[in-house]
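Following the UniProt record's numbering from start to finish, the sequence shown increments by one per residue and tops out at 352. A virtual CB, placed ideally from N, CA and C, is assigned to each residue, including glycine. All figures in this text were calculated on a predicted structure; none of them were measured in a lab.
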Amino acid sequence: MQKGSQVIRQDSGDASKRQRAVTMQDVADHVGVSKALVSMVFRRVTGPSAETRMRVLEAAEKLGYRPNRSAALLSLRRSHLIGVMANIRNTFHAELVEDIVAEADAFGYEVVLGAVTPTHGEIAVVETLLDFRCEALILLGPELDEARLAELGGRTSVVVVGRRTPCPSVDVVRTADARGIGRVVDHLVELGHRRISHLSGGSGTIPNDRKSGYMRAMKRHGLADAIDIIDGDFTEHAGILAARELLGRRKRPTAVCAANDRSAIGLLDELRRSGIEVPGGIAVAGYDDSMLAQLAHIDLTTVSQEPRQQAGRAVRAVVERLDEGRRERLDVLLEPRLVIRHTTLPQVQQPA
Numbered sequence: 001m002q003k004g005s006q007v008i009r010q011d012s013g014d015a016s017k018r019q020r021a022v023t024m025q026d027v028a029d030h031v032g033v034s035k036a037l038v039s040m041v042f043r044r045v046t047g048p049s050a051e052t053r054m055r056v057l058e059a060a061e062k063l064g065y066r067p068n069r070s071a072a073l074l075s076l077r078r079s080h081l082i083g084v085m086a087n088i089r090n091t092f093h094a095e096l097v098e099d100i101v102a103e104a105d106a107f108g109y110e111v112v113l114g115a116v117t118p119t120h121g122e123i124a125v126v127e128t129l130l131d132f133r134c135e136a137l138i139l140l141g142p143e144l145d146e147a148r149l150a151e152l153g154g155r156t157s158v159v160v161v162g163r164r165t166p167c168p169s170v171d172v173v174r175t176a177d178a179r180g181i182g183r184v185v186d187h188l189v190e191l192g193h194r195r196i197s198h199l200s201g202g203s204g205t206i207p208n209d210r211k212s213g214y215m216r217a218m219k220r221h222g223l224a225d226a227i228d229i230i231d232g233d234f235t236e237h238a239g240i241l242a243a244r245e246l247l248g249r250r251k252r253p254t255a256v257c258a259a260n261d262r263s264a265i266g267l268l269d270e271l272r273r274s275g276i277e278v279p280g281g282i283a284v285a286g287y288d289d290s291m292l293a294q295l296a297h298i299d300l301t302t303v304s305q306e307p308r309q310q311a312g313r314a315v316r317a318v319v320e321r322l323d324e325g326r327r328e329r330l331d332v333l334l335e336p337r338l339v340i341r342h343t344t345l346p347q348v349q350q351p352a
């Protein structure tokens, strides 16, 4: 009976301990360092050694300590929020956002997503993100003009992803789009194609770079007279319209490289619905290496923009600005990677 009463008292004592939140002081006492040093570890500031950081983090995990994020941010007058502007209809943007969230979490930042839609344009999205007290902005493939980017860069830390810009006040992380499209043309020429058309993505900086890359590659292969640009945009509908235009031609191209995967998939779908074999009748290639391009029934030849690397460099650029005091402009240029799949052939039958 006495043992039972002792057990009851012990259990209630354990329960009371579990109810009390573990504090930063508890972590400091467990490691044998000061509370200030523990605070420095959680704020990721320079000073503590790698060994001390590891001991503090291990102790925090063992004790179940969770930092009081709200109080810490309030005392620092910081939000630790990164605003990310993305087009929700763009599957490549969706993949980038997923990687950005993971990278941001590793550095103690949260992501606020601003979705660009037909009724909510880029300017409105940017202003909303700033209203949420985001400390920095990561803009995915923005179409904002240079003046607007410069004005925005003067207000906060900005990283432009996927687009070339000379604006000195913003950081840039992108792949070499012209080289990426050039590699598609090189691949098609190696297969024997000579009549290669390009489905453009519109008039913005990104589609213009890809169009220029196509034109330069065609000229490099002595095919300047065969340059054929079909006006379009980055949507599936543009690909459908392009396919219908090609089907109405007496002399069709043997291959089409599209400015992105979405338009390439629209083109691919309409060609197949019309009885044109792909790649036997017309070979098709895209750009982005989106999840849709990787599906077995699509299996689209395309170009990878290395989204994980872009996401990592973009978040790192934010951390360098906000936490490490970097002031000089950052311009990261990554190498695109050609991904060959079923929609292009190893050998092509040239029409008579």
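Where do the ends of the beta strand (DSSP E) carrying residue i lie?
i	result
ASP171	171 to 175
ARG337	337 to 339
HIS198	196 to 199
ASP228	228 to 230
ALA255	255 to 258
Specify, as a first and last residue, the run of the alpha helix (DSSP H) that residue i falls within.
i	result
GLY266	261 to 273
ILE123	122 to 131
VAL319	307 to 322
SER212	205 to 220
ILE240	236 to 247
residue 355	Residue 355 lies beyond the residue range present for the chain, which begins at 1 and ends at 352; the question has no answer from this structure.
ASP288	Note, ASP288: premise wrong, no alpha helix (DSSP H); not H, not E.
Look at the alpha carbon of residue i and the alpha carbon of residue j, and state the distance between them as a whole number of angstroms.
i	j	result
SER200	SER274	22 Å
MET24	LEU37	10 Å
SER70	ARG78	Confidence is the limiting factor: at SER70 the pLDDT is only 48, short of 50, which leaves the residue's position unreliable, though a coordinate-based value still follows. In a straight line, the C-alpha of SER70 is about 10 Å away from that of ARG78.
ALA115	GLY32	47 Å
THR205	ALA242	21 Å
SER39	ARG316	22 Å
HIS30	ARG66	15 Å
ARG216	ALA178	8 Å
GLN294	ARG341	9 Å
GLN310	ARG89	19 Å
GLY47	THR175	35 Å
GLU277	ALA238	20 Å
VAL159	VAL318	7 Å
LEU74	ALA59	In this predicted model, LEU74 has a pLDDT of only 48, less than 50, meaning its place in the structure is not dependable; the value taken from the coordinates is given anyway. Answer to the nearest angstrom: the Cα atoms are 25 Å apart.
GLY248	LEU292	28 Å
LEU268	ARG133	43 Å
THR119	THR91	19 Å
LEU144	ASP261	22 Å
residue 360	ALA102	Beyond the ends of the chain as shown, which are 1 and 352, falls residue 360; an answer cannot be given.
ARG244	SER212	24 Å
ARG220	LYS251	23 Å
GLU270	MET218	26 Å
ALA106	ASP99	11 Å
Can you name, in chain order, every residue of its own chain whose Cβ lies under 6 Å from the Cβ of residue i, other than the five neighbours on each side?
i	result
TYR109	HIS80 and ILE82
VAL22	LEU63, GLY64 and TYR65
GLY202	ASP233
GLY325	none
Within a Cβ cutoff of 7 Å, which residues of the same chain sit near residue i, ignoring the five residues on either side of it in sequence?
i	result
LEU113	VAL84, ALA86 and VAL97
LYS62	none
SER197	ASP228, ILE230, PRO253 and VAL256
For the putative contact between residue i and residue j, defined by C-beta atoms under 8 Å, what is the C-beta separation to the nearest angstrom?
i	j	result
ARG183	ALA226	Rounded, the Cβ-Cβ distance is 18 Å, inconsistent with contact.
HIS93	GLY141	7 Å
GLY180	PRO307	Not a contact, Cβ separation roughly 13 Å.
GLY286	LEU300	5 Å
LEU338	VAL303	6 Å
residue 363	VAL173	Residue 363 is absent from the structure shown; the chain starts at 1 and stops at 352.
ILE298	GLY266	Between GLY266 and ILE298 the Cβ distance is about 11 Å, and since that is not below 8 Å, they are no contact.
Quick one, which of the options has its alpha-carbon nearest residue i's?
i	options	result
GLU320	SER157, HIS93 and ASP131	SER157
ALA104	LEU333, ARG313 and LEU338	ARG313
ARG155	THR165, THR205 and GLU135	GLU135
ALA264	VAL41, ARG216, ASP171 and ASP231	ASP231
THR235	ILE340, LEU152, ALA258 and SER49	ALA258
LEU139	ASP131, ARG133 and LEU149	LEU149
VAL56	GLY248, THR175 and VAL27	VAL27
ASP323	LYS35, PHE42, ALA21 and VAL22	PHE42
ALA224	MET54, VAL185, ILE240 and ASP261	VAL185
LEU330	ASN260, GLY153 and HIS221	GLY153
With a CB to CB cut of under 8 Å and the five nearest residues on each side skipped, what residues in its chain are close to residue i?
i	result
PRO166	GLU146
THR344	HIS187, LEU188, LEU191, ALA255, PRO279, ALA283, VAL284, ALA285 and THR301
GLU328	none
GLU95	SER290, MET291 and PRO307
Answer with yes or no whether the minimum CB distance from residue i to chain E is below 7 Å.
i	result
SER79	Looking for chain E here will not work: only one protein chain is present.
Going by the C-beta, is residue i closer than 6 Å to any heavy atom of the ligand NAP?
i	result
HIS120	No copy of the ligand NAP appears in this structure; indeed no ligand is present at all.
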